[in-house]
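Undergrad:
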Amino acid sequence: MSAATILRSFQHHKVALLTTYLSDGLSAVNTPVRIVVDGDRVIFRSWEDSESANRIRHHPEVDLRPCTFRGAPMGKPVRASARLLEGAEAQQAARVLGLRQPAVQRWAVPLSHRLLRYRTLHYELRPLIVEEVESAEGWPD
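If you read the sequence shown in my numbering, its first letter stands for residue 766, the second for the next number, and so on.
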């Protein structure tokens, strides 16, 4: 199964539950993030000093699952690898986020990051497993 097929369940969701892991690799922390599916990857943004960014820096393997706006899980998790985008890739990711979610990702988030003097980070998530997970055993809930 291709990465784009696995990510199809995220296509109509604006928010997903990002599960990052502490440096021990075992303790999971769930965070709802605004996402955009771009082909075979998922793009999201955060700020440099956020706890999520810190956890991703130490342990780039994450889980992603569709969720409600408040973070209630709605689907199966997908194991993915997070990569920080820089330079032209980050600018392209910002454009894609802004085009698909203009009110929030083009105006509100960049403005709030500027006012709070946060450095915005853009990440891409690519699925590690190209097969659908049959069992949730071993996956954080």
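Beta carbons are placed, not taken as given, at the ideal position from N, Cα and C, and that holds for glycine.
May I ask you to report which of helix, strand or coil DSSP gives I800?
TA: Working through the sequence shown from its first residue, we reach residue 800 at position 35. Of the three classes helix, strand and coil, the one that applies to I800 here is coil, per DSSP.
Undergrad: Please check the pair L890 and A837, which I expect to be a contact at CB under 8 Å, by giving their CB distance rounded to whole angstroms.
TA: Your numbering for residue 890 matches position 125 in the sequence shown. Your numbering for residue 837 matches position 72 in the sequence shown. About 20 Å separates the two Cβ atoms, so there is no contact after all.
Undergrad: Taking the alpha-carbon positions, what's the L861 to P831 distance?
TA: Residue numbering aside, residue 861 sits at position 96 when the sequence shown is read from its first letter. Residue numbering aside, residue 831 sits at position 66 when the sequence shown is read from its first letter. Going by the sequence as given, residue 861 is Val instead of Leu. If you take the alpha carbons of V861 and P831, they lie about 19 Å apart.
Undergrad: Is the region 813 to 824 touching the region 855 to 869 in the sense that three or more CB pairs, one from each, lie closer than 8 Å?
TA: Verdict: no, contact absent.
Undergrad: When DSSP labels each residue in this structure, what does H778 get in the three-state scheme?
TA: Counting from 1 along the sequence shown, the entry for residue 778 is found at position 13. It is coil, neither helix nor strand.
Undergrad: Excluding the 5 residues flanking F775 on each side, which residues of the same chain have their C-beta closer than 7 Å to its C-beta?
TA: As a working note, residue 775 is residue 10 in the sequence shown. Closer than 7 Å at the Cβ level, and outside the excluded window around F775, lie A781, I800, V802, V807, P831.
Undergrad: Let's test the definition: count the other Cβ atoms within 10 Å of the Cβ of L886 and tell me whether it reaches 16, buried, or not, exposed.
TA: Here residue 886 corresponds to residue number 121 of the sequence shown, with the count starting at 1. Result: buried.
Undergrad: Using a 10 Å radius around the Cβ and a threshold of 16 neighbouring Cβ atoms, would you call F809 buried or exposed?
TA: The count along the sequence shown starts at 1 and reaches residue 809 at position 44. Flag for F809 reads buried.
Undergrad: Can you name the residues that DSSP bridges to P825?
TA: As a working mapping, residue 825 is identified with position 60 in the sequence shown. BP columns for P825 are empty, so no partner.
Undergrad: Around the Cβ of I771, are there at least 16 other Cβ atoms within 10 angstroms (buried) or fewer (exposed)?
TA: Stepping through the sequence shown from its first residue, residue 771 is reached at position 6. Buried, by the Cβ-count rule.
Undergrad: In terms of DSSP beta bridges, what is F809 paired with?
TA: Stepping through the sequence shown from its first residue, residue 809 is reached at position 44. Its beta-bridge partners are Y888.
Undergrad: Could you tell me the boundaries of the alpha helix (DSSP H) in which L849 lies?
TA: On the sequence shown, residue 849 is found 84 positions in, with the first residue counted as 1. Counting along the chain, L849 falls outside any alpha helix (DSSP H), though it belongs to the beta strand (DSSP E) covering 843 to 850.
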